[in-house]
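Each number in the working numbering corresponds to the 1-based position in the sequence shown with 1 added. Below you'll find the structure, written out as structure tokens, and then a few comments.
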Amino acid sequence: MKITSIRSHVLQCDMPEELGYSQQYYAKRTAHLVEVTTDEGLTGWGECFGPGNVALANKAIVERVIAPMVLGMDVLDRDVIWHKVYNLLRDHGQKGMPIQALSGVDIALWDIAGKSAGLPLHKLIGGAHRTDVAAYGYGMMLKRESVADHVARFEDEAAAIIGMGFSATKMKVGLGARDDVRLCEAVARGAGEARFMVDANHAYTTSDAFYVGRALDELGAYWFEEPVAPEDHDGYRELRAGLRTNIAGGEAEFARWGWRSILENRGLDIAQPEVCALGGITEYLRVLALCHAHFTPVVNHVWGSAVAVATNLQLLAAMPPLPGGLHPWEPMLEFDTTENRFRDELLAEPLDIQGQVARNSGRVTIPTAPGLGVTPDLAFIEMYEVR
């Protein structure tokens, strides 16, 4: 079965309101889908991480750089294809956008493999360790408003997300260390007895991260995500050694070689690989094995459309428990509670994550249809595709 075409679809729309995190505000929603077709009529779908103009740049890499390398190859030779592309792109970037672009292609190849075998992706990996997974809801995004308005809104939003049935909630910070502590206190109040997590998107120096982190120790936060720049391995190790709150990160790391460095550094309590960025499913499985070899629990980073969500549900099903036992540590599905039509309206049969959470005590069922287990609506793609 040969690859006959690889197409990249960048979808974009205006959001109902501008939202922000520690690095920027944004008013448009973007998703980057990859469609791979074969000479036997099977089509696979994948997704590349990266918003806005990054998605447009990755589209060029997918269609003008990667596609010519692999057209005509056997679609089931996923590892051969992965290494061919990586080796030819190595001189031009072992991280970042070339690997994001490869990720979307690789995920689509796995989708085809599952469809060809008539099996869901988790069966191809080795089976389901769980048939459903707990979900946590994140929100509490930054806006152009006063600190006082942020504090009041964050407390209300945290309570609302837990009220939706999510098992935990995650907030953004980025107003500055002292004001961010006030935001964290508000979310702790709103979340009540439920877990809450804090995502800094690498906003802090190490000293400011310690200031916020010590407050989180007292508030009982579950994890402190990307407190410092992903390149600052020493900062991660110092924070992990000096704080009680779990240190999480890794969404901005790529491939097994980058992950080897951060895991050997022992700076993470919780690893957060992003399958749509780090090299796709083929490389994610290697990274997962590295994480477990270092006894580092994994909670996948999830951002994007319903294709990304479905991919991660399959991977969470196939993730072995760590370390095992009667009550092992279990992963969670990350879910963005802000409006996202590319997640909620993209599929012919929507996943309805929020409805499942409300009905099933905060849990989401793993799809069992072949491949990723979902089918995008081509008319919807046509409606929102950037030309």
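Ideal Cβ positions, reconstructed from N, Cα and C, are used throughout, including at glycine.
DSSP bridge partner residues for residue i (one or two, in chain order)
i    : result
G11  : As written in the sequence, residue 11 is Val, which differs from the Gly given in the question. According to DSSP, which records beta bridges pairwise, V11 is partnered with H33.
G138 : T170, F336
I248 : F225
M320 : Partner(s): none; M320 has no beta bridge.
K3   : D75
P121 : G372
V199 : M172, F225
D133 : T366
Y26  : G21
V299 : A272
W330 : L323
L220 : In DSSP, L220 forms no bridge with anything.
L143 : G21
L348 : P377
Distance cut-off 6 Å: residue i Cβ against heavy atoms of the ligand HEM
i    : result
I100 : With respect to the ligand HEM, the structure shown offers nothing to examine, as it has no ligands at all.
Of the residues the options, the one placed nearest residue i, counting alpha carbons only
i    : options                : result
A169 : A160, G236, G177, L176 : A160
P351 : S306, A278, P322, T339 : S306
Q315 : R267, T369, S104       : T369
V387 : I7, L57, E36           : L57
G325 : I382, V134, H130, S208 : H130
R342 : S6, G127, L12          : L12
L323 : D209, T297, L143       : T297
I108 : R179, M74, T44, K144   : T44
E340 : V63, I4, E19           : E19
E331 : K29, T132, I126, I382  : T132
K3   : P321, A216, M74        : M74
S147 : A136, D233, R183       : R183
V299 : V308, P321, A309       : P321
D235 : E158, R196, N266, R145 : N266
A68  : F155, L89, E232        : L89
T366 : T338, L379, H328, V310 : V310
Y223 : D270, I382, T207       : D270
D209 : D181, R190, V188, F197 : D181
L286 : A118, V63, G127        : G127
G356 : D40, R241, M165        : M165
G53  : M16, V106, K85         : M16
A294 : V308, A272, T283       : A272
Y87  : T338, G243, R145, T283 : T283
V55  : R241, V71, T31         : T31
I382 : A359, V308, P329, S362 : V308
N247 : A149, R215, A136       : R215
G115 : M142, L143, R79        : R79
C-alpha gap between residue i and residue j, whole angstroms
i    : j    : result
T312 : F225 : 25 Å
S262 : A201 : 22 Å
P228 : V66  : 35 Å
R245 : D218 : 6 Å
L77  : A192 : 46 Å
W111 : G177 : 42 Å
V134 : R364 : 5 Å
M333 : G42  : 35 Å
N301 : A319 : 12 Å
C14  : M384 : 10 Å
W304 : E186 : 26 Å
P29  : L379 : Residue identity check: residue 29 is Lys in the sequence provided, not Pro. Distance between the alpha carbons of K29 and L379 is about 21 Å.
V174 : A118 : 45 Å
A189 : W258 : 37 Å
I82  : R196 : 41 Å
L289 : D157 : 36 Å
A256 : K60  : 20 Å
E252 : F167 : 22 Å
I163 : G221 : 16 Å
Y205 : A230 : 8 Å
G140 : D337 : 6 Å
M70  : W260 : 26 Å
Any C-beta of chain B under 7 Å from that of residue i
i    : result
D270 : No chain B is present in this structure, which holds just one protein chain.
**contact_flag[the stretch 343-351, the stretch 94-113] where n(CB pairs < 8 Å) is 3 or more** = no
**Request:** May I have a chain-ordered list of the beta strand (DSSP E) segments no shorter than 3 residues that lie completely inside the stretch 351-385?
**Result:** 364-366
**Message:** With a threshold of 8 Å, are at least 3 pairs of Cβ atoms found where one atom belongs to the stretch 372-380 and the other to the stretch 117-124?
**Reply:** yes
**Item:** Inter-stretch contact (C-beta, 8 Å, three-pair minimum) for the stretch 18-25 and the stretch 42-54
**Value:** no
**Asked** Where are the beta strand (DSSP E) runs, 3 residues long or more, that stay fully inside the stretch 28-113, in chain order?
**Response** 44-49
**Request:** Flag this pair as touching only if the stretch 95-115 and the stretch 270-289 have three or more C-beta atom pairs under 8 Å; answer yes or no.
**Result:** yes
**Asked** Using 8 Å as the threshold, is the stretch 32-42 in touch with the stretch 3-10, meaning 3 or more CB pairs across them?
**Response** yes
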